[in-house]
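Visitor:
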Amino acid sequence: MTKAVGYIRVSTEEQAQHGYSLEAQAESISNYCKAMRWELIRIYRDDGYSASSLDRPALQQLIADIPLRSFDTVVSWKLDRLSRSPKDTLYLLEDVFEKNGITFVSVQEPFVNTKDPTSKMFTTILAAFAQHEREMITERMKMGKYQKARMGQFPGGHILYGYRKNPLTGEFEINEEEARIVRLIYHWYVYGDENGQPLGMEAIADKLTNMGILPPSAVRGVRVGVRGKRGQKGEYVKHWSNATVRQILTHQAYIGKNYFGRDGKNAEPDKIKDDWIVIPFPPIVDEYIYQLAQERRNRAKFWQRKHETPLLTGILHCGICGLQFRGTYDHGTTAVYSCYGRLKRYHRDGSPTCDSPRIPANWLDQQVVLKVLEALQKPEQMKEAIMAHLESWERRKQELELLVGPSVKQMKELHDEQERLNYLFRKGRISVSEYEKEASELDKKIAELREQHKHQTNELRHLQKLEKDLDFIKQALGNGYWKVEYEALQSEIKMMWDAALTIDNKTGEVVVTTPSDEKKVTIDFNNADEQVQEQEELLTLAMHGGGKIAIRQLFDKLHITVHVYHDRVEVRGLIPIGNINISSFQSLVG
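Taking the working numbering, I'd label the letters of the sequence shown as residues 204 to 793.
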């Protein structure tokens, strides 16, 4: 007997709350399966999710359940319940369903299935029409907003901070209490605070938060957080952010030049397009202070562009608070690494800032490169470490494979419980309060399991990449392909950033040389077979582009991460590397 599952979806929160469309779809699928004498195992429900994205909890759960082989057919009310994008539709039908032996059936479109070429052709055409319909709906909504804007009416969306809408005329008026804060932000940014010191966006956000002034999201009653199954949102945010301050400092509505239909909030007046519609806004600040604010922002952006990204960006972590380190510049010239946890923006809830050291970037870059290159000169230790990693990888892979199955089974049981609860509620056997209480508990359990399952599957993907890197290094070491020549002199490391990279056509070596050509790092693949060379382009042709780029690519291949503590820096990776004592630069630590 054919074992089927159903998939139903509605796109608006209103539909999700009332559930009429969902129930109609479910009933249609159930009747269809009965007529076909198929066993309907369960129905996957996405309440209030758009078809424009595949990132829907029930759909992702359906995909995750396919390896369990508990069903062989997916039934949907219509094809557009899956997606309105031809690309996403074909991906689901061919790469997800068909490759796993799953048949797709549409109740309302009997010619849509994945069994024969003709049906596939019609399915592709129907998916294109579904996308066209979605685009037409979007266009009609857009035209409706344009019409409202032309009539001088509010086209929709959140009302800008500093303004309110007159309920009688529909026009925008200045909210003087909020406008005072807007003017204060501009004054602090351009002219400075009470001490005459101009404040940055982060400092302004901190100052407003400390003064107890609520940010626009809290004033407007907008909750921030991930939407739940029934459209529920997170909590009100009571602190200001850099992004909120930036929006106020860049939005032209504050000088009375707001346009509906423009591509960006910072578009200049001399670039106004014909289809832009002027929305009357009374100015809150004068154009002179607005232009001064933009000039300061442009100077800051130019300063940021002229500095290159530090070598360890993205792989440097704080061993004290767990956040990443960022690369920044003291007085615009000296590069330093500093923990994000030292920034006040991460502690506006009153928690203490991180006390990890600030480290000169050039010094740490050199020390880490030295440690890694020294480790690469010890092939026997590398070989032992790689074998140990392979054993650990195999154990962890087996553990995850044992964990993933039960977690999927538990989610299936909870979804079945949801179906039972929905049935009892529809039949009037439980009250609204009982339903909401039990549904909330089930939602929480499912969310926790889904998050756990997500971490497990992500770790499995990471292990798959790790396996390839381990296998590559193992082959290179085992066959004598790996050779590193390097003399650890810090003076040479400094020159290596602008080193020349060449590939010897005869030997196949990639050579990184300093301008003086006195020192070199050689990764030798002279005797490597084609399989190993094709498997890894990193240490051959892909090393073009400069010594610093090549070294970072090498770090990524060796899974290098760097962890900063009060007294040491730990360099970790697939090979044994060791620690760096930071006492030698303590006088430089801020």
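Note that the Cβ used here is the ideal one computed from N, Cα and C, for glycine as well.
1. Note down the Cα distance separating ARG561 from TYR210, rounded to an integer number of angstroms.
2. In this structure, what does DSSP give as the bridge partners for GLN659?
3. Exposed or buried, which one is LYS640 when buried takes at least 16 other CB atoms within 10 Å?
4. Pair every Cβ in the stretch 515-522 with every Cβ in the stretch 385-401, then say whether three or more of these pairs are closer than 8 Å.
5. Express the C-alpha separation of CYS557 and PRO486 in angstroms, rounding to a whole number.
6. Assuming ASN234 and ILE269 make a contact with CB atoms under 8 Å, what is their CB distance in whole Å?
7. If I measure Cβ to Cβ from HIS618 and keep anything under 6 Å in the same chain, skipping five residues before and after, which residues do I get?
8. Sort out for me which residues DSSP pairs HIS520 with in a bridge.
9. Mapping DSSP to helix, strand and coil, what is LYS600?
10. Which one of ASP646, GLU670, LEU663, THR764 has the shortest CA to CA distance from PRO260?
11. Pick from ILE244, GLU498, VAL571, GLU226: whose alpha carbon is nearest that of LYS206?
12. Sort TYR626, GLY403, ILE416 by Cα distance to ARG383 and report the nearest one.
13. May I have the straight-line CA-CA distance separating ARG775 from LEU669, to the nearest angstrom?
14. Determine the direct distance from the alpha carbon of SER279 to that of ARG212, and round the result to whole angstroms.
15. Determine the direct distance from the alpha carbon of ASP298 to that of ASN445, and round the result to whole angstroms.
16. Where in the stretch 222-306 do unbroken runs of the alpha helix (DSSP H), each at least 4 residues long, occur, reported from the N-terminal end onward?
17. Have a look at LYS581, VAL277, SER643 and flag the residue whose alpha-carbon is nearest the alpha-carbon of ILE246.
18. Which partner residues of PHE866 appear in the DSSP bridge assignment?
19. Give me whichever residues DSSP pairs with ILE783 in a beta bridge.
20. Spatial neighbours of PRO401 within its chain, please: C-beta separation below 6 Å, excluding the five flanking residues on both sides.
21. Residues in its own chain within less than 8 Å of ASN782 by CB, not counting five upstream and five downstream?
22. Would you mind sorting GLN667 into buried or exposed? The rule is 16 or more other CB atoms within 10 Å of its CB.
23. Looking only at its chain, what residues have a beta carbon closer than 8 Å to the beta carbon of MET204, apart from the 5 residues adjacent to it on each side?
24. Given a cut-off of 8 Å, decide if ARG755 and LEU573 are closer than it, judged by their beta-carbon atoms.
25. Would you check if the distance between the CB atom of VAL611 and the CB atom of ALA267 is smaller than 8 Å?
26. Between the C-alpha atoms of PRO289 and ILE362, what's the straight-line distance to the nearest angstrom?
27. Does the stretch 585-604 come within contact of the stretch 622-637, defined as at least 3 CB pairs closer than 8 Å?
28. Is SER541 helix, strand or coil by DSSP?
29. Is VAL208 helix, strand or coil by DSSP?
30. In the structure shown, what three-state DSSP assignment does PRO485 receive?
31. Would a C-beta distance cut-off of 8 Å place GLY517 and PHE484 closer than the cut-off?
32. Quick check: the Cα distance between SER286 and GLY403, rounded to an integer number of angstroms?
33. Between ARG449 and LEU411, what straight-line distance do the alpha-carbon atoms span, to the nearest angstrom?
34. Less than 8 Å between C-beta atoms, sequence neighbours within five positions excluded: which residues of the same chain meet that for LEU652?
35. Name the two residues that bound the continuous alpha helix (DSSP H) containing ASP568.
36. Consult DSSP for TYR394 and reduce its assignment to one of helix, strand or coil.
Guide: Taking the definition as stated:
1. Counting from 1 along the sequence shown, the entry for residue 561 is found at position 358. Counting from 1 along the sequence shown, the entry for residue 210 is found at position 7. So the alpha carbons of these two residues sit roughly 53 Å apart.
2. Numbered from 1 along the sequence shown, position 456 holds the residue referred to as residue 659. Under DSSP, GLN659 forms no beta bridge with any residue.
3. Translated into the one-based positions of the sequence shown, residue 640 becomes position 437. Within a 10 Å sphere around the beta-carbon of LYS640 sit fewer than 16 other beta-carbons, which makes this residue exposed.
4. Segments in contact, no.
5. For the purposes of this step, residue 486 is taken as the residue at position 283 of the sequence shown. For the purposes of this step, residue 557 is taken as the residue at position 354 of the sequence shown. In this structure, the CA atom of PRO486 is about 42 Å from the CA atom of CYS557.
6. Locating residue 234 in the sequence shown gives position 31, where the first residue counts as 1. Locating residue 269 in the sequence shown gives position 66, where the first residue counts as 1. Actually they are not in contact, since the Cβ atoms of ASN234 and ILE269 sit about 25 Å apart, beyond 8 Å.
7. Position 415 of the sequence shown holds residue 618. Closer than 6 Å at Cβ, skipping near neighbours: no residue.
8. Counting from one through the sequence shown, the residue named residue 520 turns up at place 317. For HIS520, which the question treats as bridged, DSSP gives the partners GLN527, HIS766.
9. By 1-based counting over the sequence shown, the position of residue 600 is 397. Helix at LYS600.
10. By 1-based counting over the sequence shown, the position of residue 260 is 57. Closest by alpha carbon: ASP646.
11. In the sequence shown, counting from the first residue as 1, residue 206 sits at position 3. The candidate whose alpha carbon is nearest that of LYS206 is ILE244.
12. Here residue 383 refers to the residue found at position 180 when the sequence shown is read from its first residue. In terms of CA proximity to ARG383, ILE416 leads the group TYR626, GLY403, ILE416.
13. The count along the sequence shown starts at 1 and reaches residue 775 at position 572. The count along the sequence shown starts at 1 and reaches residue 669 at position 466. Using only the alpha carbons, I get a separation of about 14 Å.
14. Within the sequence shown, residue 212 is the residue found at index 9, counting from 1. Within the sequence shown, residue 279 is the residue found at index 76, counting from 1. Rounded to whole angstroms, ARG212 to SER279 spans 9 Å at the Cα level.
15. The residue you call residue 445 lines up with position 242 of the sequence shown. The residue you call residue 298 lines up with position 95 of the sequence shown. Between ASN445 and ASP298, the C-alpha separation is close to 42 Å.
16. The qualifying runs are 223-239, 260-268, 289-293.
17. Along the sequence shown, read from residue 1 onward, the residue named residue 246 stands at position 43. Distance check between ILE246 and each of LYS581, VAL277, SER643 places VAL277 closest, using alpha-carbon atoms only.
18. Because the chain is modelled from 204 through 793, residue 866 falls outside the range shown and cannot be assessed.
19. Mapped onto the sequence shown, residue 783 falls at position 580. Note: ILE783 sits in a beta bridge opposite VAL772.
20. Here the question's residue 401 lines up with position 198 in the sequence shown. Taking C-beta separations shorter than 6 Å and ignoring five residues to either side along the sequence, the partners of PRO401 in its chain run GLY395, following chain order.
21. The count along the sequence shown starts at 1 and reaches residue 782 at position 579. Taking ASN782 as the centre and dropping the five residues before and after it, the same chain places the C-beta of ARG771, VAL772, GLU773, VAL774 closer than 8 Å to its C-beta, in chain order.
22. Against the sequence shown, residue 667 aligns to sequence position 464. Exposed: under 16 other Cβ atoms inside 10 Å.
23. For the purposes of this step, residue 204 is taken as residue 1 along the sequence shown, with counting starting at 1. Correct list, in chain order: ARG240, TRP241, GLU242.
24. Counting from one through the sequence shown, the residue named residue 573 turns up at place 370. Counting from one through the sequence shown, the residue named residue 755 turns up at place 552. Cβ atoms of LEU573 and ARG755: not closer than 8 Å.
25. What you label residue 611 is simply residue 408 of the sequence shown in a count that begins at 1. What you label residue 267 is simply residue 64 of the sequence shown in a count that begins at 1. The answer is yes: Cβ separation under 8 Å.
26. Residue 289 sits at position 86 when you count from the first residue of the sequence shown. Residue 362 sits at position 159 when you count from the first residue of the sequence shown. Rounded to the nearest whole angstrom, the CA to CA distance from PRO289 to ILE362 is 36 Å.
27. No, the stretch 585-604 does not touch the stretch 622-637.
28. Residue 541 sits at position 338 when you count from the first residue of the sequence shown. Strand.
29. Residue mapping note: residue 208 aligns to position 5 of the sequence shown, counting from 1. Note: VAL208 maps to strand in three-state DSSP.
30. By 1-based counting over the sequence shown, the position of residue 485 is 282. Three-state DSSP puts PRO485 in coil, outside helix and strand.
31. Translated into the one-based positions of the sequence shown, residue 517 becomes position 314. Translated into the one-based positions of the sequence shown, residue 484 becomes position 281. Not closer than 8 Å, so no.
32. Within the sequence shown, numbered from 1, the residue matching residue 286 stands at position 83. Within the sequence shown, numbered from 1, the residue matching residue 403 stands at position 200. Going from the Cα of SER286 to the Cα of GLY403 covers about 44 Å.
33. The sequence position of residue 449 within the sequence shown is 246, counting from 1. The sequence position of residue 411 within the sequence shown is 208, counting from 1. Answer to the nearest angstrom: the Cα atoms are 14 Å apart.
34. As a first step, residue 652 is located in the sequence shown; it is residue number 449 there, counting from the start. For LEU652, same chain residues with a beta-carbon under 8 Å away, outside a window of 5 residues either side, are SER610, GLN613, MET614, LEU617 in chain order.
35. To locate residue 568, count along the sequence shown from 1; it is residue 365. Taken as a continuous stretch (DSSP letters only), the alpha helix (DSSP H) holding ASP568 covers 564-579.
36. If you number the sequence shown from 1, residue 394 lands on position 191. For TYR394, the secondary structure class from DSSP, reduced to helix, strand or coil, is coil.
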